[in-house]
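Q:
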Amino acid sequence: MDTTYLRAVMAQWASGVVVVTTTRDGGGRHGMTASSFTSVALDPPLVSVCLATASSTCRFVRHSGVFAVNVLGHDHEDIGRRFATSTAGDDRFTAGRWDTATTGAAVLTDAVAWVDCVVAACHPAGDHTIVLGLVQDAATPRPAPPLIYHDRTYYEGIAR
Ligand SMILES: Cc1cc2nc3c(=O)[nH]c(=O)nc-3n(C[C@H](O)[C@H](O)[C@H](O)COP(=O)(O)O)c2cc1C
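Okay, here's the thing in structure tokens:
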């Protein structure tokens with residue numbers, strides 16, 4: 297299967313947008329934009345994200361054993377872009393206002409929702425790692441339409 301073609305096909309899948317955050321070795325925080333977030337189970341409460349194994353976020357999540365998933369709102373496109381840009385580096389968290397959750401991972405004060413997790417398992421999957429998280433805490437800080445991603449374009453939420 298041609299990778300470029302498959303990428304274009306998979307781009308037709310619409311999703312929400314999250315920022316996965318974690319703590320860095322030796323202190324500090326890190327995070328990346330992701331669309332691979334899924335609710336896996338309620339008992340016990342498990343969620344998953346698929347992270348490129350070569351990404352810094354994946355490495356820090358594996359080392360720290362913790363991560364949070366922040367569901368972005370319709371007006372968070374700037375945050376989605378910033379946390380997907382490799383050159384932004386440490387400046388990523390200058391977009392948005394952040395608190396620290398129980399595990400130490402950063403949570404967006406005006407996220408539509410967030411879940412704070414400890415890593416329950418990491419499964420290799422090609423060039424990605426499926427990270428399963430056991431939810432420690434969760435919140436819905438702001439009832440607002442979510443940011444949507446489809447065909448490499450951000451959309452400001454769902455028409456109701
Ligand atoms: C809308 C969107 C969704 C993304 N979803 C994922 C994802 O689910 N998993 C992933 O590994 N990268 C995903 N990315 C790419 C990462 O955000 C990007 O590679 C980031 O720079 C990685 O940062 P890091 O290397 O500092 O960890 C996505 C990018 C965008 C714009």
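Taken in order, the sequence shown gives residues 297 to 456; the numbers are from the working numbering.
Just so you know, even glycine gets a beta-carbon here, dropped at the ideal spot from N, CA and C.
Specify the secondary structure class of T306 as computed by DSSP and reduced to three states.
A: In the sequence on display, residue 306 carries Met and not Thr. Of the three classes helix, strand and coil, the one that applies to M306 here is helix, per DSSP.
Q: Taking 8 Å as the cut-off, is the CB of L347 close to at least one heavy atom of ligand 1?
A: Within the cutoff, so yes.
Q: Work out the CA separation of S351 and G400 for me, nearest whole Å.
A: Each residue's alpha carbon lies about 20 Å from the other.
Q: Between the Cα of E373 and those of V315, I426, R438, spot the shortest distance and give me the residue it belongs to.
A: For E373, the nearest C-alpha among the options comes from V315.
Q: Is C458 near ligand 1, with its Cβ less than 8 Å from a heavy atom?
A: Because the chain is modelled from 297 through 456, residue 458 falls outside the range shown and cannot be assessed.
Q: For the alpha helix (DSSP H) holding F356, just list the boundary residues, first then last.
A: 352 to 360 is the extent of the alpha helix (DSSP H) around F356.
Q: Would you call the segment 324 to 331 in contact with the segment 409 to 423, where contact means no fewer than 3 C-beta pairs closer than 8 Å?
A: In short, these stretches do not touch, since the Cβ pair count stays below three.
Q: Once DSSP output is grouped into helix, strand and coil, what is the label at D447?
A: Correct three-state label for D447: coil.
Q: In whole angstroms, what is the alpha-carbon distance linking F389 and R358?
A: Distance between the alpha carbons of F389 and R358 is about 21 Å.
Q: From this set, G369, S360, T300, A364, which residue's C-alpha is nearest S311's C-alpha?
A: Nearest C-alpha to S311: G369.
Q: With a threshold of 8 Å, establish whether the CB of A337 neighbours any heavy atom of ligand 1.
A: Not under cutoff, so the answer is no.
Q: Quick check: is any heavy atom of ligand 1 less than 8 Å from the C-beta of M328?
A: At least one heavy atom of ligand 1 is nearer than 8 Å to the Cβ of M328, so yes.
Q: On the premise that T317 lies in contact with A364, defined as a C-beta separation below 8 Å, what is that separation, rounded to the nearest angstrom?
A: A364 to T317, Cβ: 5 Å. Contact.
Q: Checking 9 Å against the spacing of the C-beta atoms, do A416 and L404 come in under that value?
A: Not a contact, by the Cβ cut-off of 9 Å.
Q: If V367 and A407 are in contact, beta carbons under 8 Å, what's the gap, nearest whole angstrom?
A: Contact flag correct, Cβ pair sits at about 6 Å.
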